[in-house]
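K.L.:
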Amino acid sequence: MGIDVFGLIALLVFVGLLLLYGVMGRRWPAVFRPMPGFEMLGRGIERAVEAGERVHLSLGTGSVPGKDCAPALAGLAVLSRVAAATTMSDKPAVVTAGDGALAILAQDTLRAAYAKVGARERYQPTAARMLGPTPFSYVAGLPTLLASEDVSIHMLIGSFGAEGALAAEFGERREAFVLAGTDDIPSQALMYATAEHPLIGEEVFAGGAYLNVGELHRASLRAQDVVRILIVGLMLAGTILRTLLDLL
Amino acid sequence: MRLRASLVWAAVASGVGLIVLLGFFFDIEPLRVARQILVDWAVLLAAWALILGLLNLLSVHWSKVSQQEKGWPYSAVLLLFFLVTLILGLLFGPDSPVILFLFNNVQLPIEASLMALLAVTLTIAGFRVVTRRRDLVSLVFVGVGFLVLLGTGPWLIGSEGVLNTFFRDVRNWLAQVWAAGGARGILLGVALGAIATGLRVLLAADRPYGE
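Protein sequence lines correspond, in order, to chains A and B. Here our numbering is used: position 240 in the first sequence is 240, and no number is missing along the way. If you count the second sequence from 1, you need to add 1000 to reach our numbering.
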């Protein structure tokens, strides 16, 4: 029987910090650095609701059993907040994904958000949909959707490859508010160029904390920071020790 | 009753997630078998979800065509080719020459042309970055992109000149020192973010499967 002791300790430290900050959060609220993208998103959604325009959230081209579903799960957390804010609009939020399972999860999230604000009858299953099963077939379906649904807020929070740059560009061409993030590093560089508000690195996972989805979202951001400092500290210590050992 | 159902879903999601997660840390036979079975189930469920997603796609476009909504002709074309491909696939099989012909001569060229469009899009976006976000980071971003292009592409005046070698060295230095270091830092942040997101689902703080 083999046990990955180091991995297990790291996981337990992460869970411990998450729960600790979750409990401490109300007493000692976290102060995060300003992120203009998420700050402007709230005002943008209000404007879109007043103007009768639609908010679109793309969950990317990743798939649920794959390793690339984590950003889409973060996108679903953002959706729960955004959907609640747009339920009473003439044109409620629409969600798209490149995977059937993600589309179903988006439907469930929308249904729950409508139920929470007592507007269950306004929920439409077609508000969450699969656009295409391959990355480029998904992106090819976006321009028609953005035009036909009068989208003015175009959010991309999910896993994207190079197609993410095109997805962001289609929103820019409509002069929409474009907020885009992914877990793929080369695609982040492409989105930095094409999107008005790019999300770099772990910012794609920070939407829940910035939009006040829940206490554990803020706690997880603080836990990430502590674990990152620990890892960087260990890396530096390891480098110094290795150098010293080589010198001696 | 509703509350009880949501608790059951949360318990199932957390329990299954925990078994799969523990399988990464403990190399025990029963745990390994249980983990494999659960992952296989997830793959099967994902395949059914794909079918449901396609039905969802059909229903959205059918509704657009039947109500003659904005952009309905595109939906009609999609429905037509969806049904043609489905029928041909069911009749001849997914590996048949007919389906391969459609894939190689319709889907592949369309996706390749979209990829080609990306080059044009990025060039325009590069100019837009400089005009819209006039800060140091954007200037560095575009400047580095330009230097990497100079060091990567072929040169009109021969590829072994002093200037060419200089830009190739600059490109290698930028890619192997600055970009690789930065990418590792970003990767660390992404990995921690993904772990935190997974843990929130495991702890049932995030319930994307409904309340």
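For each residue, glycine too, the CB sits at the ideal point set by N, CA and C.
Can you find the residues in the same chain that come closer than 6 Å, C-beta to C-beta, to Leu1078 (chain B), ignoring five residues on each side of it along the sequence?
P.N.:
Taken in chain order, the residues that qualify are His1061.
K.L.:
Compute the beta-carbon to beta-carbon distance between Ala1196 (chain B) and Gln124 (chain A), rounded to the nearest angstrom, for a pair I have assumed lies under 8 Å.
P.N.:
Their Cβ separation, rounded to whole angstroms, is 32 Å, which puts Ala1196 (chain B) and Gln124 (chain A) out of contact at 8 Å.
K.L.:
By DSSP's criteria, Arg43 (chain A) is part of a beta bridge. Which residues make up the other side?
P.N.:
According to DSSP, which records beta bridges pairwise, Arg43 (chain A) is partnered with nothing at all.
K.L.:
Does Arg242 (chain A) pass the burial test, meaning 16 or more other C-beta atoms within 10 Å, or should it be called exposed?
P.N.:
The residue is exposed, with fewer than 16 neighbouring Cβ atoms inside 10 Å.
K.L.:
To the nearest angstrom, report how far apart Leu234 (chain A) and Arg228 (chain A) are at their CA atoms.
P.N.:
About 10 Å.
K.L.:
Quick test of your reading: Ala77 (chain A) and Ala106 (chain A), contact by CB under 8 Å. State the CB separation rounded to the nearest angstrom.
P.N.:
Between Ala106 (chain A) and Ala77 (chain A) the Cβ distance is about 12 Å, and since that is not below 8 Å, they are no contact.
K.L.:
Leaving out five residues before and five after Arg174 (chain A) in sequence, what residues of the same chain have Cβ atoms less than 6 Å from its Cβ?
P.N.:
Around Arg174 (chain A): Leu146.
K.L.:
Val151 (chain A) and His56 (chain A) look like a contact to me (Cβ under 8 Å); what is the Cβ gap, rounded to whole Å?
P.N.:
With a Cβ gap of about 4 Å, Val151 (chain A) and His56 (chain A) count as contacting.
K.L.:
Going by C-alpha distance, which of B:Asp1135, B:Gly1161, B:Arg1133, B:Arg1168 is nearest Leu1150 (chain B)?
P.N.:
Ranking B:Asp1135, B:Gly1161, B:Arg1133, B:Arg1168 by Cα distance to Leu1150 (chain B) puts B:Arg1168 first.
K.L.:
For chain A, check one thing: does any of its Cβ atoms lie closer than 8 Å to the Cβ of Ser1014 (chain B)?
P.N.:
No, its Cβ sits nowhere closer than 8 Å to a Cβ of chain A.
K.L.:
Short check: CB of Ala101 (chain A) to CB of Ser63 (chain A), under 8 Å?
P.N.:
Yes, Cβ-Cβ distance for Ala101 (chain A) and Ser63 (chain A) is below 8 Å.
K.L.:
Given that Val1190 (chain B) touches chain A, what residues does it touch there, using C-beta distances under 7 Å?
P.N.:
Near Val1190 (chain B) (Cβ distances below 7 Å), the residues of chain A are Asp183, Gly201, Glu202.
K.L.:
Hey, could you find the ends of the alpha helix (DSSP H) Gly181 (chain A) is sitting in?
P.N.:
Premise fails: Gly181 (chain A) lies in the beta strand (DSSP E), 177-181, not in any alpha helix (DSSP H).
K.L.:
Going along chain B in order, which residues have a C-beta closer than 7 Å to the C-beta of Ser63 (chain A)?
P.N.:
Correct list: Ala1046.
K.L.:
What does the Cβ neighbour count give for Ser1096 (chain B), buried or exposed, with the cut at 16 atoms within 10 Å?
P.N.:
With fewer than 16 Cβ atoms within 10 Å of its Cβ, Ser1096 (chain B) is classed as exposed.
K.L.:
Three Cβ pairs or more, each shorter than 8 Å: is that satisfied between the segment 85-94 of chain A and the segment 186-194 of chain A?
P.N.:
Not touching, per the Cβ criterion.
K.L.:
Let me make sure I understand the geometry here. Which of B:Lys1070, B:Asn1105, B:Phe1082 has the alpha-carbon closest to that of Leu1054 (chain B)?
P.N.:
With distances taken between Cα atoms, Leu1054 (chain B) lies closest to B:Phe1082.
K.L.:
What does Leu1150 (chain B) touch in chain A if you count any residue whose Cβ is under 7 Å from its own?
P.N.:
Neighbours of Leu1150 (chain B) on chain A: none; closest Cβ ~17 Å, over 7 Å.
K.L.:
Is Asp150 (chain A) helix, strand or coil by DSSP?
P.N.:
Of the three classes helix, strand and coil, the one that applies to Asp150 (chain A) here is coil, per DSSP.
K.L.:
Please confirm whether Ser1066 (chain B) has its beta-carbon closer than 8 Å to some beta-carbon of chain A.
P.N.:
For Ser1066 (chain B), the answer is no, since every Cβ of chain A falls outside 8 Å of its Cβ.
K.L.:
Using a beta-carbon distance below 8 Å, is Ile3 (chain A) in contact with chain B?
P.N.:
Yes, its Cβ sits closer than 8 Å to a Cβ of chain B.
K.L.:
Against chain B, which members of the segment 136-169 of chain A pass a CB distance test of less than 7 Å?
P.N.:
Within the segment 136-169 of chain A, the qualifying residues are Phe136, Val139, Ala140, Thr144, Ala147, Ser148, Ala162, Ala165, Leu166, Glu169.
K.L.:
Between Val204 (chain A) and Asp183 (chain A), how many whole angstroms is the CB-CB distance? I'm expecting something under 8 Å.
P.N.:
Confirmed, Cβ separation roughly 6 Å.
K.L.:
Which residues in chain B sit within 7 Å of Ile104 (chain A), going by Cβ to Cβ distance?
P.N.:
Within chain B, the residues near Ile104 (chain A) are Ala1049, Leu1052.
K.L.:
Taking only runs of the alpha helix (DSSP H) that begin and end inside the segment 1060-1137 of chain B, which ones reach a length of at least 4 residues, in chain order?
P.N.:
Those alpha helix (DSSP H) runs which fall completely within the segment 1060-1137 of chain B and span 4+ residues are 1072-1092, 1097-1102, 1108-1132.
K.L.:
So, using beta-carbon positions, are Leu20 (chain A) and Leu216 (chain A) closer together than 8 Å?
P.N.:
Their beta carbons are not under 8 Å apart, which means Leu20 (chain A) does not touch Leu216 (chain A) by this criterion.
K.L.:
Given that a residue counts as buried once 16 or more other Cβ atoms are within 10 Å of its Cβ, and exposed if not, what is Pro36 (chain A)?
P.N.:
When all chains shown are included, Pro36 (chain A) counts as exposed.
K.L.:
In the DSSP output, which residue or residues are listed as bridge partners for Ile1051 (chain B)?
P.N.:
In the DSSP output, where bridge partners are listed per residue, Ile1051 (chain B) has none listed.
K.L.:
Taking 7 Å as the limit between beta carbons, can you name the residues of its chain near Thr86 (chain A), skipping five residues before and five after?
P.N.:
Counting only Cβ-Cβ distances below 7 Å, and skipping sequence neighbours, we find Ile45, Val49, Val55, Pro92, Ala93.
K.L.:
Three-state secondary structure (DSSP) at Gln246 (chain A)?
P.N.:
Per the sequence shown, the amino acid found at residue 246 (chain A) is Asp instead of Gln. In this structure, Asp246 (chain A) counts as helix in the three-state DSSP scheme.
K.L.:
What separation, rounded to the nearest whole angstrom, lies between the Cα atoms of Leu1045 (chain B) and Gln1036 (chain B)?
P.N.:
Computed Cα separation, rounded: 14 Å.
K.L.:
Tell me which same chain residues have a C-beta within less than 6 Å of the C-beta of Val1140 (chain B), skipping the five on either side of it?
P.N.:
No residues qualify anywhere along the chain.
K.L.:
Going by the CB atoms, is the gap between Ala176 (chain A) and Ile153 (chain A) shorter than 8 Å?
P.N.:
Cβ distance < 8 Å, so Ile153 (chain A) and Ala176 (chain A) count as in contact.
K.L.:
Quick check: the Cα distance between Arg218 (chain A) and Leu248 (chain A), rounded to an integer number of angstroms?
P.N.:
In a straight line, the C-alpha of Arg218 (chain A) is about 45 Å away from that of Leu248 (chain A).
K.L.:
Taking the Cβ atom as the reference point for each residue, do Val15 (chain A) and Leu1199 (chain B) lie within a distance shorter than 8 Å?
P.N.:
Closer than 8 Å, so yes.
K.L.:
Write down every uninterrupted run of the beta strand (DSSP E) in the segment 60-117 of chain A whose length is 3 residues or greater and which is fully enclosed by it, in chain order.
P.N.:
As far as the segment 60-117 of chain A is concerned, its whole beta strand (DSSP E) runs of at least 3 residues are 94-97.
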